[in-house]
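With our numbering applied, the sequence shown corresponds to residues 129 to 1131, in that order.
Each residue gets a CB set at the ideal place from its N, CA and C atoms; glycine is no exception.
Notes follow once the structure below has been shown.
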Amino acid sequence: MQCDVSIFKTKLNEKTFDFVFRQEEKLVERDSGAWQIQGDPTILVTLAHIFNHFAPLMCKVYLVEDVLMNFLLSILEGGGSVEEHPLIQQLLDLFWLLMEDHEVSECLKQLMMSLLRAYRFSPIIPDLGFQIHYLRLTTAILRHEKSRKYLITFDVLRSVVFFYIKTPLRVKEAGLEELIPTTWWPTRFDKERDTCEETAEERLRRRAYERGCHRLKKRIEVVEELQVQILRLMLNNKDKGTGEASRYIFLNKFRKFLQENASNRGNPTVLCPPEYMVCFIHRLITAIRSYWDEGKRKNAYVPPQLFYNGKVDYFDLQRLGGLLSHLKKTLKDDLAAKANIIIDPAEIQASSMDDLDEDEETGAAQRPSGAVAMGGALARPSWLSSPTLGRANRFLSTAAVSLMTPRRPLAPPEKVKVRTLAVEQRTEEDIEGSHGNDGLLLGRPFEEPDQPITEKSLLEILDGVVMMYNLSVHQQLGKMVVVSDDVHEYAVALKDTDEKIARCPSRRPDILEELQKTQKVFAEKLNHLSRRLAWINATIYSKEKMLDVYWLLQVCIRAIEHADSTGSLFAFMPEFYLNVAMNSYSALKNYFSPSNCMEELPGYKDTLAQLAAILAKHFADPRIVGTDIKDSLMQALASYVCYPQSLHAVERIPEEQNLLAPYEQRPWAQTNWILVRLWRGCGFGYRYTRLPHLLKTKPEDANLPSLQKPCPSLLLQRHMAELLSQDKDMAASFLNSVLNQLNWAFSEFIGMIQEIQQAAERPERNFVDTRQLKVCATCFDLSVSLLRVLEMTITLVPEIFLDWTRPSAELLLRRLAQLLNQVLNRVTAERNLFDRVVNLRLPGLESVDHYPILVAVTGILVLLTSETEQKRAASVLLSDPCFQLRSIQYLLGEGDAGAASADCKHFSLHTYTDYISTEEEQKVEQMLTFLTEESKQAAASTPTSEDDLCPICYAHSISAIFKPCSHKSCKACINQHLMNNKDCFFCKATITGVEDYTKPASS
């Protein structure tokens, strides 16, 4: 090996290339075709002999890496643009002219692999000189058309190393101390404080730090520009002189790259690293946008026909409406009517049999939860990991698809068979189309424009960018935020240490010395982290990267809107489009701030309103069947209404969406969080940002960042009130569902705390399952939120409960009173189960306390007893067998307070003066006085005979008679029974009507 290297170097440096490229300058100025026709035969023969000896050597890895690569790098050492050094292009012309194709291919392959290794493992220096040098050579090589097409075919995308800028692990090695000599980090953590409180010294440090960050960013931008140039060369679709254009070769390899990463989510060893994907997607977006802007086209989006015409392979990723084969069967008529696509019924049947066979073989009856929708790395069935195209594409490869010409509706449709090719087999014609063939845009719906918005190949690459963001980019963006969090934590610790040093007494020098050591450690760590954060902000969270993600969000929004306009064909859209729309907004809001502000983005408010309309329209869309994507939509909408700006966007939605309907379906709990957040800030004692009882038991929690401030929406509350007032049937259905869920949630909570209490009382040492604690706390939180929804409903539309001319008002009021009394009795009883579990202070049950649930119940009781029909409400409360006046007295610290032990502090609303206003306290006192008087009057009245009580509940008087059997009960029992059953309690006869019953006076 040493002999080969020395001989090769000697010939290369002394004579050979000096003869070829310097003595015969007139030769290298001509193209390769001219050499063959007009070249000097002596020179051609000489070059042929030279390359005859060199060709075998240039296929050896160590020679290519040690000699050829260094020789080519030396050509570019003079600086200047790559175009100013044509020598490399001329050398590659000679390679392809005088060497065998397999020899050139092997040489280029080894050269590219050497450049990949050199770029990946080169050290980080302040000017990034090594990286720039290797990228310039790569650009020069890829400028050669024939070499570029071979290297793309060789699959350079398998490792996207050239598009990655690695983060230095050690600041000193990267020279960041010289580049950013002054460090800075935030010293004020109260968001409400004005920036004018910044001292002059802090301002100078911050500005010096920002100047250093700007210098670093400028150097990184040089590398990024070279990476974009490489991608632009690969996306060139004009180089058709030597065969297929580079873009179509790249596109096929790109889809193959996506397939490998989408089909191996459970095997991280074969996936592209997420940090590589983040850099790659930003360079790819920049390159795509440059080509898009060259065509002077705006409003980029992916047309909906890509989702259902089978021209683009989605690797069995989940669609909004389910599996593709199922959609082809159920929506075949819609495809024919809206997209002019006809599917052969025989092929649909064959696809069904194929589905059954594969399901039996794999046993995969259910799709893995969240594996694709949330980008999780869960195990997938074997048929999803197969390198073949999967069930949907095997179906489409044999399906007969016919196009009907819309301009001649009376003529019979001319059938054109279209089959989906393997990714690597597609050609330019399959993508861009030809005469009578729309290519990727086959099956254009009537809502889409006649002319394509850009080159069809760019549309598929854009579609791949959206998929790539969903695969791993969003997760990686979230992971890198940890550096900013570390800076914040260390800054808080350093500030705390400084305060301790200031308070340290002079008589304790030992403590002062230890504190100063701690201060030094924190300061050194912050210096390191602040410089590392500068690098991350420049490479991942810069303003330009934020604009890339924002552009991708707009692409997804437009694609969703266009797909939605197709009606039922919206079900063909892959789930990841909705996921990327939600996740990219989350990244813009949470990951890129505070270094960049989302409000400064162009058209920010309009984009926010568009996304709000999508969430409100599709969170209960029947065309969407996946439970994971439904939950994601619900959670995104619940997050949307938490913040003032996004809440205003929801209020700007032109069509009022019904937020109450999903209570009848599975996602009632998530819908409840949305309604609660619309009310938070308006309810009784419901203005806190931290749970008040936690501040009493753990005062140190006051130093932690507060929760989002309440931002209720009065506009949406009015919409809800109008809806409940106008639609009586829907209002009754909604409230029945809320009451049912409250009964379930609180019953589950009580059952769980009983198990927790039993486990805690066992003499042997035992541990409570953390999952059980989490579920218990969730049931408690759901109970509180459901009570708050009831409070909001009574505030907005009290007649639903108190106007008994409405058919279900009395039943709803009695059910509400029953649940309120049950909650009060369980929570307020002395030495009860609830008290014992709360006093255990178990981790995970921090939110479980008297205040949240008792204040919610109090708010409802105050509303019921302050309305014009307070007598009616009081009579219903008092007539319930579970009512106890002591429970109402408990709220103000009255009742059996003396029974409590001296060390047990009694609950009282009077102790929460920071959260309950004086006016609210007065309303509670008035309620207690009113119920006390009503209770005395009820006790003094003539007791009802047992014969006159309802034989079902023995709580209310008989007030209803059934027809035709004439059996009797109270209205509450029969109304609740008739909701689910039409048979009589007693004789099982079918009830045809219910009439009011009054006991005759003679009786």
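* Out of curiosity, what's the CA-to-CA distance linking G1026 and T1041? -> Taking the first residue of the sequence shown as 1, we reach residue 1026 at position 898. Taking the first residue of the sequence shown as 1, we reach residue 1041 at position 913. Note that G1026 scores 43 on pLDDT, short of 50, meaning its location in the model is unreliable and no value can be drawn from it.
* To do: Determine, using beta carbons only, whether A1001 and L924 come nearer to each other than 8 Å.
  => In the sequence shown, residue 1001 corresponds to position 873, counting from 1. In the sequence shown, residue 924 corresponds to position 796, counting from 1. Against a cut-off of 8 Å, the Cβ pair of L924 and A1001 comes out as no contact.
* **Nearest-angstrom Cα separation, counted from L1059 out to K1127** => Looking up residue 1127 in the sequence shown gives position 999. Looking up residue 1059 in the sequence shown gives position 931. The straight-line gap from Cα to Cα measures roughly 28 Å.
* Asked: Short check: CB of C1078 to CB of C1098, under 8 Å?
  -> Here residue 1078 refers to the residue found at position 950 of the sequence shown. Here residue 1098 refers to the residue found at position 970 of the sequence shown. Yes, they are a contact pair.
* Asked: Just curious, the alpha helix (DSSP H) that K648 is in, first and last residue?
  -> Counting from 1 along the sequence shown, the entry for residue 648 is found at position 520. P637 to T667 is the span of the alpha helix (DSSP H), which, as asked, contains K648.
* Asked: Helix, strand or coil for P980 per DSSP?
  -> Stepping through the sequence shown from its first residue, residue 980 is reached at position 852. It is helical.
* Residues that DSSP places opposite T1118 in a beta bridge -> Start at 1 with the first residue of the sequence shown, and residue 1118 comes out as number 990. Looking at the DSSP assignment, T1118 forms a beta bridge with D1111.
* **Closest Cα partner of R808 within the set V708, K1096 and R916** => Translated into positions along the sequence shown, residue 808 becomes position 680. Distances from the alpha-carbon of R808 to those of V708, K1096 and R916 put R916 closest.
* Below 8 Å between beta carbons: does that hold for L332 and I308? -> The residue given as residue 332 occupies position 204 in the sequence shown. The residue given as residue 308 occupies position 180 in the sequence shown. No, the Cβ-Cβ distance between L332 and I308 is not below 8 Å.
* Asked: Which partner residues does D1124 have in the DSSP bridge list?
  -> Your numbering for residue 1124 matches position 996 in the sequence shown. DSSP output for D1124 lists A1088 as bridge partner(s).
* Asked: DSSP state of P702, grouped into three classes?
  -> Position 574 of the sequence shown, counted from the first residue, corresponds to residue 702. The answer is strand: DSSP assigns P702 an E or B state.
* **Rounded C-alpha distance that separates S242 from C235** => As a first step, residue 242 is located in the sequence shown; it is residue number 114 there, counting from the start. As a first step, residue 235 is located in the sequence shown; it is residue number 107 there, counting from the start. When rounded, the distance between both Cα atoms is 11 Å.
* To do: Could you spell out the range, first to last residue, of the alpha helix (DSSP H) harbouring S853?
  => Position 725 of the sequence shown, counted from the start, is the residue given in the question as residue 853. Run containing S853: L842 to Q854, per the alpha helix (DSSP H) assignment.
* Asked: What's the C-alpha gap between P838 and N389?
  -> If you number the sequence shown from 1, residue 838 lands on position 710. If you number the sequence shown from 1, residue 389 lands on position 261. Distance between the alpha carbons of P838 and N389: 42 Å.
* **The alpha helix (DSSP H) enclosing H776, as first and last residue numbers** => Taking the sequence shown and counting its residues from 1, one reaches residue 776 at position 648. Counting along the chain, the alpha helix (DSSP H) containing H776 begins and ends at P772 to E779.
* Measure the alpha-carbon distance for A302 versus C907 and round it to whole angstroms. => Indexing the sequence shown from 1 puts residue 302 at position 174. Indexing the sequence shown from 1 puts residue 907 at position 779. Put simply, the backbone Cα of A302 is about 51 Å away from that of C907.
* **Delimiting residues of the alpha helix (DSSP H) encompassing T923** => Taking the sequence shown and counting its residues from 1, one reaches residue 923 at position 795. Note, T923: alpha helix (DSSP H), T898 to L924.
* To do: Pull up the distance between the alpha-carbon of R425 and that of I581, whole angstroms please.
  => One-based indexing of the sequence shown puts residue 425 at position 297. One-based indexing of the sequence shown puts residue 581 at position 453. Their Cα atoms are separated by approximately 7 Å.
* Assuming D626 and Q647 form a contact by the criterion Cβ under 8 Å, report the distance between their Cβ atoms to the nearest whole angstrom. => Here residue 626 refers to the residue found at position 498 of the sequence shown. Here residue 647 refers to the residue found at position 519 of the sequence shown. About 7 Å separates the two Cβ atoms, so the contact holds.
* Can you have a look at Y597 and say buried or exposed, based on whether 16 or more other CB atoms are within 10 angstroms of its CB? => In the sequence shown, residue 597 corresponds to position 469, counting from 1. It counts as buried.
* Please find out if some non-hydrogen atom of the ligand SAM comes closer than 7 Å to the beta-carbon of I884. => Among the ligands in the structure shown, none appear at all, so the ligand SAM cannot be discussed.
* Is L989 helix, strand or coil by DSSP? -> Start at 1 with the first residue of the sequence shown, and residue 989 comes out as number 861. Correct three-state label for L989: helix.
* To do: Take every Cβ of the stretch 409-417, pair it with every Cβ of the stretch 647-660, and state whether three or more of those distances are shorter than 8 Å.
  => no
* To do: Less than 8 Å between the CB atoms is what I'm expecting for L736 and Q773, so what's the real figure, rounded?
  => Here residue 736 corresponds to residue number 608 of the sequence shown, with the count starting at 1. Here residue 773 corresponds to residue number 645 of the sequence shown, with the count starting at 1. Confirmed, about 7 Å.
* Asked: What distance in whole Å lies between the Cβ atoms of L697 and Y436, which are believed to be in contact at a cut-off of 8 Å?
  -> Within the sequence shown, the letter at position 308 stands for residue 436. Within the sequence shown, the letter at position 569 stands for residue 697. About 6 Å; that satisfies the 8 Å criterion.
* Among E583, I252 and T1057, which residue has its Cα nearest to the Cα of Y376? -> Working through the sequence shown from its first residue, we reach residue 376 at position 248. Selected option, being the one with the closest Cα: E583.
* Asked: What separation, rounded to the nearest whole angstrom, lies between the Cα atoms of E352 and F408?
  -> On the sequence shown, residue 352 is found 224 positions in, with the first residue counted as 1. On the sequence shown, residue 408 is found 280 positions in, with the first residue counted as 1. In this structure, the alpha-carbon of E352 lies about 10 Å from that of F408.
* If you draw a straight line from the C-alpha of V173 to the C-alpha of G369, how long is it? -> Taking the sequence shown and counting its residues from 1, the one referred to as residue 173 is at position 45. Taking the sequence shown and counting its residues from 1, the one referred to as residue 369 is at position 241. Cα to Cα, V173 sits roughly 27 Å from G369.
* Following the continuous alpha helix (DSSP H) through I589, name the residue where it begins and the one where it ends. => For the purposes of this step, residue 589 is taken as residue 461 along the sequence shown, with counting starting at 1. Start and end: K584 to M596.
* Supposed contact pair A1088 and I1102 - C-beta distance, whole angstroms, cut 8 Å -> To locate residue 1102, count along the sequence shown from 1; it is residue 974. To locate residue 1088, count along the sequence shown from 1; it is residue 960. With a Cβ gap of about 5 Å, I1102 and A1088 count as contacting.
* For A464, I'd like the list of residues in its chain whose CB is within less than 6 Å of its CB, leaving aside the five on either flank, ordered along the chain. => In the sequence shown, counting from the first residue as 1, residue 464 sits at position 336. Only I470 meet the Cβ criterion.
* Buried or exposed for G754, please, with buried defined as at least 16 other CB atoms from any protein chain shown within 10 angstroms of its CB. => What you label residue 754 is simply residue 626 of the sequence shown in a count that begins at 1. The residue in question, G754, is buried, as its Cβ has 16 or more Cβ neighbours within 10 Å.
* Measuring alpha carbon to alpha carbon, tell me which of G811, A1066 and T266 ends up nearest I203. => Sequence index remark: in the sequence shown, residue 203 carries index 75 (1-based). It is T266.
* To do: Please list, in chain order, all residues of the same chain as R805 whose beta carbon is under 7 Å from its beta carbon, the five residues on each side excluded.
  => The residue you call residue 805 lines up with position 677 of the sequence shown. So the list reads A766, V769 and C770, once near-sequence residues are dropped.
* To do: Name the two residues that bound the continuous alpha helix (DSSP H) containing I928.
  => Within the sequence shown, the letter at position 800 stands for residue 928. E927 to L930 is the span of the alpha helix (DSSP H), which, as asked, contains I928.
* Looking at E1062 and L1019, is the spacing between their C-beta atoms short of 8 Å? -> Taking the first residue of the sequence shown as 1, we reach residue 1019 at position 891. Taking the first residue of the sequence shown as 1, we reach residue 1062 at position 934. No, they are not a contact pair.
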